[in-house]
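What follows is a set of notes on a single structure, which appears directly below.
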């Protein structure tokens, strides 16, 4: 059944990514929200920026994508979030600055914004939970809504602890991880290791089934870069996609996971079959790897996907 008229609520950081070549607006949740907006999906971005030039740049992105600012908070004291991105050929490293505006998302304004929409899903991650203020606001939002919860674990070293991961997994209905994060979950919660077994081996399936039971999850998504993705369902189902054709020129992988999440949420909202969702999410994530940064500067980037998916 389609939830295309309901709102996907996206909670977390909107920030500035500092690349060697210049600044771009980023933040995994804001990347997801902008992609959703570009595809015409109702969405509400709940975040906080500073009263500074970088905050103005973020607000300009709300305008460029035609997004409501109902969930956007302005902090008079804290600076807009900033991350220094060091990119390699196939990898990237993040230097995430502490004590930023997105660490102070206030509960009252966030709850008021949530109350104004009919939410189908709440997307959240872990970075915006590093401070007790935003972490508490997220807990109140989740407690106030019966919407489905989608967790992109997206672990950033030094910004999240095991307690946050554990509680976030318990709050979620569907969790997205990459293979490295999956291995960490196996070690922490199932006391198993994949060793040389494949992602679709019986050993891996059994360990994923244990994770689904431990945290009462409906589904676990494992993204595998160029090798595609795989969905493990609570009912024992396993749906895999082998991945998309690589872009003609690989620029960087920044934002590929966010692109995947956006299309996964879009597909669920529009009632696409699960196999179709994974294929299209992989296709779109692959295309994002063929450009610099996580979100295109030219919105015509989306037109070929919109035309094909209609």
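Numbering (our numbering), first residue to last: 49 to 358.
Even glycine gets a Cβ: it sits at the ideal position worked out from N, Cα and C.
Values in this document were obtained by computation on a predicted structure and should not be read as measured data.
- Residue pairing by DSSP places residue 171 opposite 58 and 198 in a beta bridge.
- When DSSP assignments are scanned along the region 75-111, the uninterrupted stretches of beta strand (DSSP E) that are 3 or more residues long and fall wholly within it turn out to be 91-98.
- Segment contact: the region 146-164 against the region 92-107, three or more CB-CB distances shorter than 8 Å; contact assigned.
- Linking residue 72 to residue 134 through their CA atoms gives a straight-line distance of about 13 Å.
- Look at residue 65 here: in three-state DSSP terms it is strand.
- Look at residue 297 here: in three-state DSSP terms it is coil, with no helix or strand label.
- As computed with DSSP, residue 134 is found in a beta bridge with 141.
- Sorting 283, 147, 199 and 131 by C-alpha distance to the C-alpha of residue 302 places 131 at the top.
- Restricting attention to 57, 55 and 112, the CA atom closest to the CA of residue 348 is found in 112.
- In the DSSP annotation of this structure, the continuous segment of the beta strand (DSSP E) that includes residue 288 starts and ends at 286-289.
- In this structure, the straight-line span from the alpha carbon of residue 79 to that of residue 120 is close to 15 Å.
- DSSP, reduced to helix, strand and coil, places residue 358 outside both helices and strands of the structure shown, so it counts as coil.
- For residue 156, the uninterrupted alpha helix (DSSP H) segment begins and ends at 155-163.
- In terms of Cβ geometry, residue 84 and residue 129 do not form a close pair [threshold 8 Å].
- Counted as a single uninterrupted DSSP element, the stretch harbouring residue 238 is not any beta strand (DSSP E), since DSSP gives it neither H nor E.
- One alpha carbon belongs to residue 314, the other to residue 289, and they sit about 17 Å apart.
- The C-beta of residue 352 has fewer than 16 other C-beta atoms within 10 Å across all chains shown, which makes the residue exposed.
- Residue 223: member of the beta strand (DSSP E) spanning 222-226, first to last residue.
- Contact check between the region 166-178 and the region 102-117: fewer than three CB pairs, one atom from each, fall below 8 Å, which does not count as touching.
- Three or more beta-carbon pairs separated by less than 8 Å are not found between the region 53-63 and the region 331-350, which leaves the two stretches without contact.
- When Cβ pairs closer than 8 Å are counted between the two stretches, the region 224-231 is seen to touch the region 305-312, the count reaching three or more.
- Rounded to whole angstroms, the gap between the alpha carbons of residue 242 and residue 272 is 15 Å.
- DSSP places residue 116 outside both helix and strand once states are collapsed to three, so it counts as coil.
- In this structure, 148 is the residue among 148, 116, 110 and 278 with its C-alpha nearest to the C-alpha of residue 124.
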